[in-house]
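These notes concern the structure reproduced below.
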């Protein structure tokens, strides 16, 4: 910037006092070597900012990478911890199918099926499992006391005395 | 005002990736001192000035690619420095932390160390008078009184008419003179 030639004249006319004050003595000088060091200080700050600052595109990629990594962790965890075996899958789907089909069957059909296919229990088992042999007697009567046996005999055998 | 030849060369250096840092460093070296004093006269404290000046040049690094060269490089730098200084002053005002005590202490110490007491007193009064000016008027006074900036250049920089700037400067000079004579 070229000095203004009219400046001095203007100031002298405006304020003779101000025109006589030393302008370079108003403020203290900066520390020695300040201007020599300043360019490198600023340049290092600029480089530092360049390293820290991320461009928008890089930010998007970083967000996407984070999302993918999170998804991968979740999927891995599900595979490792959850029941993901083929048997597990087929059992689950089979159960669902059976339940669905049972819901379609009427109560009458259900009762008829039970009558045809009921599992024998209690006395039925004894009746259907064939005749009792002598070998079966100790097993069958193992839990019956002598007193109970005598009572049975008294009630069911003919009362005629044998001579 | 177009960019002068020397500045044009520095800008070309800056725009080439291989010479970018060299061009930038050359710009800092060329203008750092003038910008330092421009900021210093606004905020007075050296540490504050240093912070602002560094911020100014960092802004320059980020914005220089968009510099359209329809004004001179120095005018553009001055404008950034002015805006940064005014922002700093506003922020400090809001915080209520404009370190008046620190400023007065600095001035006081310097006055004691000065051999020419009368001259030092006059300088101290001038500094206090400048501090009393409204910020925009202080800016105009500093640009004219210390930097001897022509009104037409100041007009481009501050986007204000030459007449208004001249009136502002004359008012400022009168206020300062009154302060010196009455304190």
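Chains as they are written, first to last, in my numbering: chain A, 2 to 164; chain B, -17 to 165. Even for Gly, the Cβ is constructed at its ideal location relative to N, Cα and C.
Among the options, nearest to residue i - alpha-carbon criterion
| i | options | result |
| --- | --- | --- |
| residue 44/B | 27/B, 62/B, 28/B and 77/B | 62/B |
| residue 103/B | 144/A, 22/A, 97/A and 115/A | 22/A |
| residue 48/A | 39/B, 33/B and 35/B | 39/B |
| residue 100/B | 36/A, 9/A and 26/A | 26/A |
| residue 60/B | 142/B, 25/B, 18/B and 78/B | 18/B |
| residue 142/B | 118/B, 163/B, 165/B and 159/B | 118/B |
| residue 14/A | 164/B, 128/B, 28/B and 159/B | 159/B |
| residue 46/B | 29/B, 33/B, -10/B and 120/B | -10/B |
| residue 152/B | 45/A, 9/A and 16/A | 16/A |
Close-in-space but distant-in-sequence residues of the same chain around residue i (CB under 6 angstroms, 5 per side omitted)
| i | result |
| --- | --- |
| residue 136/B | 125 and 147 |
| residue 167/B | Any property of residue 167/B remains undetermined from this structure, which presents chain B solely from -17 to 165. |
| residue 24/B | 67 |
Residue-level contact to chain B via CB, residue i, 8 angstroms cutoff
| i | result |
| --- | --- |
| residue 63/A | no |
| residue 75/A | no |
| residue 26/A | yes |
| residue 16/A | yes |
| residue 31/A | yes |
| residue 69/A | no |
Rounded distance between the beta-carbons of residue j and residue i, thought under 8 angstroms
| i | j | result |
| --- | --- | --- |
| residue 155/B | residue 19/A | 6 angstroms |
| residue 22/B | residue 28/A | 6 angstroms |
| residue 28/B | residue 129/B | No, residue 28/B and residue 129/B are not in contact; Cβ-Cβ is about 19 angstroms, not under 8 angstroms. |
| residue 36/B | residue 36/A | At roughly 13 angstroms, the Cβ-Cβ gap does not stay under 8 angstroms, so residue 36/B and residue 36/A are not in contact. |
| residue 57/B | residue 120/B | In fact, because the Cβ distance is near 19 angstroms, the residues do not count as touching under 8 angstroms. |
| residue 144/B | residue 133/B | 4 angstroms |
| residue 44/A | residue 3/B | 6 angstroms |
Proximal residues to residue i (C-beta, below 8 angstroms), its chain only, five neighbours per side dropped
| i | result |
| --- | --- |
| residue -8/B | 5, 8, 9, 12 and 55 |
| residue 161/B | 107, 110, 111 and 114 |
| residue -2/B | 5 |
| residue 12/A | 19 and 20 |
| residue 34/B | 21, 25, 63, 66, 67 and 70 |
| residue 164/B | none |
Close Cβ partners of residue i (< 7 angstroms) along its chain, the five nearest in sequence each way excluded
| i | result |
| --- | --- |
| residue 1/B | -5 |
Assigned secondary structure, residue i (DSSP; H/G/I helix, E/B strand, else coil)
| i | result |
| --- | --- |
| residue 106/A | coil |
| residue 165/B | coil |
| residue 17/A | helix |
| residue 136/B | helix |
| residue 151/B | helix |
| residue 49/B | coil |
| residue 23/A | coil |
| residue 145/B | helix |
| residue -1/B | helix |
| residue 5/B | helix |
| residue 26/B | coil |
| residue 111/A | helix |
| residue 184/B | Nothing about residue 184/B can be read from this structure; chain B reaches only from -17 to 165. |
| residue 145/A | coil |
Interface flag, residue i vs chain A, CB-CB below 8 angstroms
| i | result |
| --- | --- |
| residue 10/B | yes |
| residue 158/B | yes |
| residue -13/B | no |
| residue 101/B | yes |
| residue 43/B | yes |
| residue 92/B | Because the pLDDT at residue 92/B is just 47, under 50, the model does not fix this residue reliably, and the point stays unresolved. |
| residue 20/B | no |
| residue -3/B | no |
| residue 117/B | no |
| residue 49/B | no |
| residue 23/B | yes |
Partners in chain D for residue i, counting only beta-carbon separations shorter than 9 angstroms
| i | result |
| --- | --- |
| residue 7/B | Of the protein chains in this structure, namely A and B, none is chain D. |
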